[in-house]
Amino acid sequence: MKTYIVGNWKMNFSVGESSLYLHKLLLKIRAARGLEVVVAPSLVSLQSLSLQTDRRKIKLAAQNFFYRDFGAYTGEVSVSQLRSLVDYAIVGHSERRYIFKETDKDVRNKVAAALRNGITPILCVGETESERTFGETADVIRDMVLGGLSEVSAEDVKKVILAYEPVWAISGSGRNVKPASPLDVKDVFSLIRETLKETYGKETAEETPLLFGGSVSPDNAGGYLSLSDCNGLLIGGASLIAPKFIDIIEEAKRLKSEK
Ligand code: PEP
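With the first letter of the sequence shown counted as 1, position 74 gets the number 76 in the numbering used here; the numbers rise by one all the way through.
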């Protein structure tokens with residue numbers, strides 16, 4: 003299975019800055035077999051970056067979209083409009099769920115819409131700090147995984163990338179958080195694989211990529227990537243700083259060659 007290193011730029015960089023940053027990354031990154039580097043710039047930059055990028059080195063993801071393909075939805079962009087621009091789309095990120103009040107229904111419709119349009123959804127799931135404190139992590143993760151996949155046919159489940167992103171470990175805007183330990187992540191990865199196995203069978207459980215996200219840095223990336231269930235990382239803050247993002251990619255390459 004591939005290793006995915008996905009950078010979520012969130013609402014950062016102007017169109018010009020995004021282009022300069024991508025240029026810098028393209029100069030430094032060499033394509034490597036089995037390693038998929040993806041960046042999710044702001045929507046306004048996608049058109050120009052899609053012309054600029056070398057997809058063998060860096061593919062693009064959308065951070066958000068609406069699940070209808072077209073129609074009277076002022077201000078929205080559909081995933082069908084993004085088809086020629088991106089290969090991936092992030093769905094259900096906690097910032098969308100909690101700041102923009104996206105519902106479980108929105109999330110499952112978006113996952114289905116992405117697949118319908120040939121775009122790989124990166125479905126984010128993760129418990130909040132209070133859910134973890136009250137011992138609800140397993141229930142929350144199970145509900146989010148099965149809820150998010152509920153409009154997907156059993157044979158298509160492995161086309162979805164799942165990203166475990168504990169909300170309490172996401173660094174967000176300047177928040178100082180304690181990163182998750184690889185042991186915390188290992189337990190939740192096992193739970194996700196088990197949930198997929200019970201519902202969709204062993205093969206799907208083994209072939210569905212699982213990423214981790216939450217305060218990933220060059221210092222801790224190797225700890226997560228070394229987990230046997232880990233197929234990559236979703237990176238916010240550190241993906242905005244070229245040397246950090248590149249260090250993480252190099253670490254992923256190194257570990258991939260050892261596996
Ligand atoms: C994220 O928001 O998806 C994320 C992982 O952010 P950070 O790496 O900054 O915690």
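For glycine and all other residues, C-beta sits at the position ideal for the given N, C-alpha and C.
{"Asked": "Tell me the residue span of the alpha helix (DSSP H) that contains T201.", "Found": "P184 to Y202"}
{"Asked": "Between which two residues does the beta strand (DSSP E) carrying K61 extend?", "Found": "K61 to A64"}
{"Asked": "Given the structure, does E253 come close to the ligand PEP, in the sense that its CB is under 8 Å from one of the ligand's heavy atoms?", "Found": "no"}
{"Asked": "Can you tell me whether H25 is buried or exposed, with buried defined as 16 or more other CB within 10 angstroms of its CB?", "Found": "exposed"}
{"Asked": "Kindly say whether L257, judged by its beta-carbon, lies nearer than 9 Å to any beta-carbon of chain D.", "Found": "This model lacks chain D altogether, as it is built from one protein chain only."}
{"Asked": "Considering only the beta carbon of each residue, do A165 and L227 sit closer than 9 Å?", "Found": "no"}
{"Asked": "Using a Cβ-Cβ cutoff of less than 8 Å, which residues in the same chain neighbour I60 once the five nearest sequence positions on both sides are dropped?", "Found": "L24, L27, L28, I31, V39, V40 and V41"}
{"Asked": "According to DSSP, simplified to helix, strand and coil, what is A156?", "Found": "helix"}
{"Asked": "So, with DSSP's three-state summary, where would you put N233?", "Found": "coil"}
{"Asked": "Would you mind stating whether P43 and S80 have Cβ atoms separated by less than 9 Å?", "Found": "no"}
{"Asked": "For G224 versus K4, is the C-beta distance shorter than 9 Å?", "Found": "no"}
{"Asked": "Quick check on DSSP: helix, strand or coil for F214?", "Found": "strand"}
{"Asked": "For E133, does the three-state DSSP call read helix, strand or coil?", "Found": "helix"}
{"Asked": "Which residues in the same chain have their Cβ closer than 7 Å to the Cβ of E133, if we skip the five residues on either side of it in sequence?", "Found": "T139 and V142"}
{"Asked": "Does the separation of the CB atoms of V331 and V88 fall below 9 Å?", "Found": "Lying before the first or after the last residue shown, residue 331 is absent from the chain, which here runs from 3 to 261."}
{"Asked": "For S80, which three-state DSSP category applies?", "Found": "strand"}
{"Asked": "Pick out whichever of Y100, S241, N222 and P123 has its Cα sitting closest to the Cα of P181.", "Found": "N222"}
{"Asked": "Taking its Cβ as the centre, do 16 or more other Cβ atoms sit within 10 Å of Y202, making it buried, or is it exposed?", "Found": "buried"}
{"Asked": "Find the nearest neighbour of Q83 within the set L236, M13, P184 and L48, judged by alpha-carbon distance.", "Found": "L48"}
{"Asked": "Would the C-beta of I163 count as close to the ligand PEP, meaning under 8 Å from any of its heavy atoms?", "Found": "no"}
{"Asked": "Could you check whether I194 and V127 sit closer than 9 Å to each other, using their CB atoms as the reference points?", "Found": "yes"}
{"Asked": "From A63 to I92, what distance separates their C-alpha atoms?", "Found": "7 Å"}
{"Asked": "For the alpha helix (DSSP H) holding E252, just list the boundary residues, first then last.", "Found": "A244 to E260"}
{"Asked": "What number of angstroms, rounded off, separates the C-alpha of V8 from the C-alpha of T122?", "Found": "13 Å"}
{"Asked": "Given 8 Å as the limit, tell me if C232 has its C-beta closer than that to any heavy atom belonging to the ligand PEP.", "Found": "no"}
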